[in-house]
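Below is one structure, written out as structure tokens; the observations come after it.
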Amino acid sequence: MPESGPGAASGTPPRARIIDGRAAAAGVRAEVSRQVAALAARHGITPGLAVILVGDNAASEIYVRNKRRQTREVGMRSFETRLAASTSQAELLGHIARLNDDATVHGILVQLPLPRQIDERVIIDAIAPGKDVDGFSVINTGLLAARGTGMIPCTPLGCLLLLKQHGGDLNGQRALVVGRSNIVGKPMVQLLLRENCTVTVAHSRTRELADECRRADILIAAIGRPQMIKGDWIRPGAIVIDVGINRQSLPSPAGPREMLVGDVDFDAAVRVAGAITPVPGGVGPMTIACLLRNTVTAACARHGIDPGGLSG
Ligand code: NDP
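Throughout, this note's numbering is defined as the position within the sequence shown, counted from one, plus 694.
Printed below as a string of structure tokens:
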């Protein structure tokens, strides 16, 4: 049993390595930049990423702006389609069909959530699988589950890259994924299986979650519940990847302050874990970096180019 928990934690010095997601994401972007330059120089190809934004969700606006900036920074083309919140499903399908046929577009991303009149599943499955850089379509989901291939969803891919950098040999490690969403939990399970981890998946009906956590060498929290995973749930020395992004109002000397917190009680967990991602600055920055990486992968696949061969 771990010797420390939230109560006991205060006297215990931090022992975990803090995994710097910003630095890791900068590394992924630098690699993508090199590949984009090589694609242009050797093949005359500039990868293009098209983002569709429907409505005026404030958080989506920020994500789309960041995606545009980072896409341009790595030398790729960025296309944006902005549609009114009243857009019909048929209209949106028309835009996707146009982008599917556009040879300058290698990746298509429809920013979620969509307005209520539109069925997300229909839209995602309308994106050509080779351009589905979010990897959410049923074809890419099936390819990952059945063959370990296809376009891999960006957040789980980012988690895997962090794990490979910081988790040593993943073979045979006991991994617990808390959360079973289609965009994070389930693809994460598939990726860990592909790495030969022994994988358990937990969700809102899981009994004795704390005990499940205590068995895990690798703990992935993708829940959306602020600081739900406590310090004394963590196996000493475990690697903890906190996917959660939760807004919370916390007291400060200057009054309540809005902060981002993860699904893990970081201050307690950092005293028990071997390595841990912070929130913010952990998994978050990896998501867009992996989107850019997927866009290069898509461009290479379309033209029959090995992305690995571009880096040298
Ligand atoms: P979902 O709401 O789609 O899924 C949450 C999962 O957590 C569900 O499987 C749910 O179980 C499970 N869950 C909820 N409550 C509990 C509980 N008390 N005990 C155990 N399991 C529970 O969320 P997402 O997967 O989309 O996102 C998860 C978190 O990750 C969010 O905070 C989100 O903001 C963040 N996120 C961060 C990204 C990044 O770039 N860093 C990208 C995407 C998401 P059940 O299936 O039974 O309902």
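Note that beta-carbon positions come from the ideal geometry of N, C-alpha and C, so glycine has one too. Every value quoted in this text rests on a predicted model; they were computed, and no experiment measured them.
Range of the contiguous alpha helix (DSSP H) that encloses residue i
i, result
"Phe830", "It is not in any alpha helix (DSSP H) - Phe830 carries neither H nor E in the DSSP assignment."
"Met980", "Val977 to His997"
"Asp905", "Leu903 to Arg908"
"Ala717", "Gly715 to Ala732"
"Val758", "Ala752 to Glu767"
"Ile818", "Glu814 to Ala820"
"Ala791", "Gln783 to Asp795"
"Ala967", "No alpha helix (DSSP H) holds Ala967; DSSP gives it neither H nor E."
Close beta carbons around residue i, own chain, < 7 angstroms, minus the five adjacent residues each side
i, result
"Gly1003", "none"
"Gly998", "none"
"Asp828", "Leu803, Pro847 and Cys848"
"Ser831", "Ile818, Asp819, Ile821 and Pro823"
"Val955", "Pro920, Gln921, Asn940, Gln942 and Val973"
"Arg987", "Val722 and Val726"
"Pro708", "Val964 and Arg965"
"Ala717", "none"
"Ala910", "Arg868, Ala869, Leu870, Arg929 and Ala932"
Residue nearest to residue i in terms of C-alpha spacing, selected from the options
i, options, result
"Lys825", "Pro741, Tyr757, Met922 and Thr894", "Pro741"
"Gly976", "Gln859, Glu889 and Val990", "Gln859"
"Gln942", "Gly931, Asp959 and Pro708", "Asp959"
"Pro809", "Gly844, Asn751 and Thr900", "Asn751"
"Asp926", "Ala962, Ile935 and Asp911", "Ala962"
"Gly715", "Gln805, Arg771 and Cys853", "Cys853"
"Val768", "Thr781, Ser780, Ala791 and Ala734", "Ala734"
Beta-carbon proximity list for residue i, same chain, < 8 angstroms, skipping 5 on both sides
i, result
"Ala995", "Gly824"
"Asn865", "Glu889, Asn890 and Cys891"
"Arg711", "His860, Gly968, Ala969 and Ile970"
"Pro950", "Ser943 and Leu944"
"His789", "Ile746, Thr775 and Leu777"
C-beta neighbour in chain C for residue i, strict 7 angstroms
i, result
"Glu785", "Within the model displayed, chain C is absent; a lone protein chain is all it includes."
Beta strand (DSSP E) segment containing residue i, residue limits
i, result
"Leu803", "Gly801 to Val804"
"Val955", "Arg951 to Val955"
"Asp936", "Ile933 to Asp936"
"Ala896", "Thr892 to Ala896"
"Ala744", "Gly742 to Val748"
"Ala915", "Ile912 to Ala915"
"Thr775", "Arg771 to Leu777"
"Ser943", "Asn940 to Leu944"
Close Cβ partners of residue i (< 6 angstroms) along its chain, the five nearest in sequence each way excluded
i, result
"Leu886", "Ala869 and Val893"
"Leu851", "Cys984"
"Gly701", "Unreliable positioning characterises Gly701 in this predicted model, as indicated by a pLDDT of 38, which lies under 50. A coordinate reading is not provided."
"Leu793", "Ala744, Val799 and Ile802"
"Leu903", "Ala896"
"Ala703", "Only weak support exists for where Ala703 lies, its pLDDT of 47 falling under 50; the coordinates are left without a value."
"Ala840", "none"
Distance between beta carbons of residue j and residue i, contact taken as under 8 angstroms
i, j, result
"Ala932", "Gly801", "Going by Cβ atoms, the distance from Ala932 to Gly801 rounds to 34 angstroms, so no, they are not a contact pair."
"Gln729", "Ser1005", "6 angstroms"
"Ser754", "Leu747", "6 angstroms"
"Val883", "Pro930", "About 24 angstroms; that fails the 8 angstroms criterion."
"Ala916", "Gly873", "3 angstroms"
At 3 residues or longer, and completely inside the segment 826-886: list those beta strand (DSSP E) runs for me, N to C.
868-872
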